[in-house]
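Protein chains in written order, with our numbering: chain A, 242 to 346; chain B, 4 to 431; chain C, 3 to 169.
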């Protein structure tokens, strides 16, 4: 039986790795993927807390439901974000985030 | 000997026996599915050939029965060329991914309701499935959803424009039809109130329409609304999902060379091939389980003569194979075919003798459920091959139009109607 | 060392290796594949915790739709390997330690106070989908409708962004 604490530590590690990837990568798409990694780490915490509650608790399944909402929001964000990325890449001819540094394209 | 058996019984009574049984079942299923795949290609070539007024493979072995073996040897011995500039890891990983996912989806398909009459060492019952989770249907959809990667990555990794376009088109098609596939199944889930495949089949047992028709989901009003529209949407979406004719533009030979598997040769191409046929088998199995009652016989249980239908089919079939083999043209055929026919006829006779001999009766009863499931799966596979021999293929924009503008709205309307009927029929 | 603990460590190691590979790979498609590995490992962890519906939705939606979108965009834009740019000194010598400090702070908080979080009595008890859907359509119906609006807006936004230039 796995203590809930282990899941939370794993979630913290994944979140930290997501932050490192966000700060250090130059490709826009990789930065976007690191955002998804951070959202996944948070989902793991939600489910970990949900399973730590006793079985007859009133709000036991709320954590799992929130994971569904987070996944939906991540999907919507990915769709729009990738659309913006495609447009930016077409206009700037580069996927390097350091090149997108002018307010006027 | 008995000491050995009792020692094995005690050693394998816990988790070790459970896992050993699971591995043996997985190995058996893989061997059976690979053989069925191989002979499915033979079946397809023969049927399409006869539909086109020609004979098909008939030189390699009697009636071309060794053609799959010859094809397999060819795949093994062909030169394994890797084009320059490919991304090696992704290029090698994509066919492996496609094959693994196709085979993994077979793990949740149940082949029969009851376990084998004899238990495994250690008292474990041998059920006719590898896993029966409560969300079996969702697991199948998860594996289908991941199957897009095999195609997309194969197209991309080949470092060439035709495979890239073919891969993108094919994966866009698969993603689009996945929506219609999933929506058309929601009606069945509403009627059966569960995601578990065995329970969906059990909800379709018995008779409906005053005992005339079997209570299959496609025709019964029990618990909901007949899922005819759902079945049609599911089947069309499934043909598109498995990239078969008439939806096979991305891999057709006259179009983008050969689509996403242009640059793959020998065994890697064979892996894509096996993956495609295995997903055909999985989808046919899903059609029968979800819409056509799975292992439920179309005849009522009280008609005991219907219980001998496997025997009534197998015995004359075996005798006909013997007759055809005796006047075959090659000596090899005249030797092998009567032996095969005799084997089939003996199995049929044994099952028929179950009417009088008790242990054979038990075997006959046990075989009923898997026989009906396999017969229905065979019918759907024949339907797949039939459409291949008959229909021309769709243009890509027509294909995407059908997926988004026809199948998806129709399957959503089906869900709404089924949900309304189920809601109105459940007493609060 | 019970079986669930071993499975947890295997899946956790897979997830962390996938995340580190996301950081270190040069080509975006390899980063995307590593992220898919992380998502599948997390789906396995959800199954281990008994959240079977969430695991299935994670693979179907996240792994089978969102990541496919990422892979499509990488293929369409023909994203090549990343260019080596010189990091600013601040990023190299300040950023990495700060990020590690953030991780360490979170992990340390979990370790210190984590023992007070209760463990479930029945390990890995499966959450029935029926209860989840009851909750979704009764207590959480308002967020449910809002997220459907959100998806509709996202679809319209993606369509507007992707249409061809006029004229």
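Beta carbons are placed, not taken as given, at the ideal position from N, Cα and C, and that holds for glycine. As the structure is a computational prediction, the values presented were derived from the model and not from experiment.
For residue 307 of chain B, there is no enclosing alpha helix (DSSP H), as DSSP marks it with neither H nor E. As the crow flies, the alpha-carbon of residue 311 of chain A is around 31 Å from that of residue 405 of chain B. Within its own chain, the residues whose Cβ lies closer than 7 Å to the Cβ of residue 291 of chain B, once the five positions on either side in sequence are excluded, are 297, 376, 379, 380 and 383, listed in chain order.
Rounded to whole angstroms, the gap between the alpha carbons of residue 202 of chain B and residue 249 of chain B is 33 Å. Going by C-alpha positions, residue 67 of chain C is about 33 Å away from residue 298 of chain A. Put simply, the CB of residue 327 of chain B is far from chain C, with every gap to its CB atoms at 8 Å or more.
Straight through space, the alpha carbons of residue 208 of chain B and residue 57 of chain C are spaced by roughly 30 Å. Segment contact: the region 154 to 169 of chain B against the region 83 to 101 of chain B, three or more CB-CB distances shorter than 8 Å; contact assigned.
At the C-beta level, residue 351 of chain B and residue 340 of chain B stay beyond 8 Å of one another. Taking residue 133 of chain B as the centre and dropping the five residues before and after it, the same chain places the C-beta of 25, 28, 29, 32 and 110 closer than 7 Å to its C-beta, in chain order.
In this structure, residue 17 of chain C sits away from residue 280 of chain A, with a CB-CB distance that is not shorter than 8 Å. As for any alpha helix (DSSP H) of minimum length 4 sitting wholly inside the region 29 to 83 of chain B, the runs are 70 to 80, ordered along the chain.
Excluding five sequence positions before and after residue 59 of chain B, the CB atoms of its chain that fall closer than 6 Å to its own CB belong to 48, 49 and 52, given in chain order. Within the region 338 to 404 of chain B, the runs of alpha helix (DSSP H) that reach at least 4 residues and sit entirely inside it are, in chain order, 361 to 393 and 399 to 404. Contiguous alpha helix (DSSP H) elements confined to the region 137 to 202 of chain B occur at 139 to 160 and 164 to 195, taking only those with 4 or more residues. Residue 6 of chain B counts as exposed, since fewer than 16 other beta carbons sit within 10 angstroms of its beta carbon.
Closest in C-alpha terms to residue 237 of chain B, from the list B:334, B:322 and B:409, comes B:409.
The residue from B:407, B:72 and B:103 with its alpha-carbon nearest to that of residue 281 of chain B is B:103. Secondary structure of residue 217 of chain B (DSSP, three-state): strand. Rounded to the nearest whole angstrom, the C-alpha separation of residue 152 of chain C and residue 253 of chain B is 33 Å. Against chain A, the CB of residue 16 of chain C has no partner CB under 8 Å away; the residue lies outside that interface. When Cβ pairs closer than 8 Å are counted between the two stretches, the region 94 to 107 of chain C is seen not to touch the region 72 to 85 of chain C, the count staying below three. No Cβ-Cβ contact shorter than 8 Å links residue 348 of chain B with residue 316 of chain B. For residue 37 of chain C, the uninterrupted alpha helix (DSSP H) segment begins and ends at 30 to 50. Restricting attention to B:114, B:230 and B:342, the CA atom closest to the CA of residue 321 of chain B is found in B:342. The closest CA to that of residue 421 of chain B, considering only B:224, B:165 and B:302, is found on B:224. Annotation for residue 110 of chain C: the continuous alpha helix (DSSP H) segment containing it runs 98 to 115. Around the beta carbon of residue 426 of chain B, fewer than 16 other beta carbons lie within 10 angstroms, which makes this residue exposed.
Proximity of residue 334 of chain A to chain C, defined by a Cβ-Cβ separation below 8 Å, is not satisfied. For residue 281 of chain A, the secondary structure class from DSSP, reduced to helix, strand or coil, is helix.
Taking all protein chains shown into account, residue 162 of chain C has fewer than 16 neighbouring C-beta atoms within 10 Å of its C-beta and is therefore exposed. Taking 8 Å as the upper bound on Cβ-Cβ separation, chain C lies near residues 271, 273, 274, 275, 277, 278 and 281 of the region 271 to 283 of chain A. In the structure shown, the three-state DSSP call for residue 245 of chain B is coil. In the DSSP assignment, residue 149 of chain C falls within the unbroken alpha helix (DSSP H) covering 143 to 164. For residue 74 of chain C, the chain B residues whose Cβ falls inside 8 Å of its Cβ are 155, 171, 174 and 175, in order along the chain.
Chain B places a beta carbon closer than 8 Å to that of residue 55 of chain C, counting this residue as a contact.
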